[in-house]
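J.: Numbered according to the numbering used here, the sequence shown spans residues 1 to 169.
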Amino acid sequence: MQTPGHVLTTARLCLRPVVDADAAAIVAAIHDFEVLRWLSRAPYPYGLSDAVDFIAKNRGNAGEVWMIHDAGGLVGCIGRRREFGYWLRRAAWGQGYATEASRAVLAHHFAAPDAPGLLSGYHAGNTRSARVLSKLGFTPCADRRITPLSTGQEVVIKGMWLDQEDYVP
Numbered sequence: 001m002q003t004p005g006h007v008l009t010t011a012r013l014c015l016r017p018v019v020d021a022d023a024a025a026i027v028a029a030i031h032d033f034e035v036l037r038w039l040s041r042a043p044y045p046y047g048l049s050d051a052v053d054f055i056a057k058n059r060g061n062a063g064e065v066w067m068i069h070d071a072g073g074l075v076g077c078i079g080r081r082r083e084f085g086y087w088l089r090r091a092a093w094g095q096g097y098a099t100e101a102s103r104a105v106l107a108h109h110f111a112a113p114d115a116p117g118l119l120s121g122y123h124a125g126n127t128r129s130a131r132v133l134s135k136l137g138f139t140p141c142a143d144r145r146i147t148p149l150s151t152g153q154e155v156v157i158k159g160m161w162l163d164q165e166d167y168v169p
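Laid out in structure tokens, this is it:
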């Protein structure tokens, strides 16, 4: 469901724009190598200055980047700014939050009849994200190689694409 101010809600989650007050919660959620190793643009270690920079870069992107909250607080982030992507704190893995939050964002995106398709991808070996994206209707497209800030080691990103007609609500 979409609510005013680019806030999206689901049965268990509230997705809202990032605010300055999120900095400490972002650090607490993401400063975990098991989370960061699957991300392309986040450094390890991840500190308060990194969170402040992230917030500054995304403050004006309401409707494109959301912080994911459950009843206990911040559990991750999701967006469609450059590509469709998300991350969750490790304690939130395996609870269906990635799928639930993704469905809310994709429903919002594809509500426009002329909405463009979305590019996404996952690090080769990240089977959880591969399953989520496949469940949502994403299909394989071109792979690419990148060097994530967290590891400095080149990895393969398995490209995925979703057109409006392939979206599975």
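Note that beta-carbon positions come from the ideal geometry of N, C-alpha and C, so glycine has one too.
1) Does the beta-carbon of Arg89 have 16 or more other beta-carbons within 10 angstroms, so that it is buried, or is it exposed?
2) Which runs of the alpha helix (DSSP H) fall wholly inside the region 109-144 and span at least 4 residues, in chain order?
3) Since Gly170 and Val168 are thought to touch, with beta carbons under 8 Å apart, how far apart are those beta carbons, to the nearest angstrom?
4) Taking C-beta to C-beta, are Val105 and Leu15 nearer than 8 Å?
5) Just list the residues that DSSP pairs Thr9 with in beta bridges.
6) Whose CA, out of Val132, Leu119, Ala51 and Ala111, lies closest to the CA of Gly96?
7) For Lys158, which residues does DSSP report across the bridge?
8) Using CA coordinates, which residue listed in Ile26, Leu149, Asp20 and Val156 is at the minimum distance from Asp226?
9) May I have the straight-line CA-CA distance separating Cys77 from Val18, to the nearest angstrom?
10) Can you tell me which of the three DSSP states Thr3 falls into?
11) When you compare each of Trp93, Thr9 and Ile146 to Arg41 by their alpha carbons, which one comes out closest?
T.: With the given structure in hand:
1) buried
2) 127-135
3) Missing from the structure shown is residue 170; the chain here goes from 1 to 169 and no further.
4) Closer than 8 Å, so yes.
5) DSSP, once it has assigned bridges, lists Cys14 as partnering Thr9.
6) Val132
7) Tyr122
8) As shown, the chain starts at 1 and ends at 169. That puts residue 226 outside it, with no answer to give.
9) 9 Å
10) Below a pLDDT of 50, predicted positions are generally treated as unreliable, and Thr3, at 46, falls in that range; the measurement from the model is reported next regardless. Three-state result, Thr3: strand.
11) Ile146
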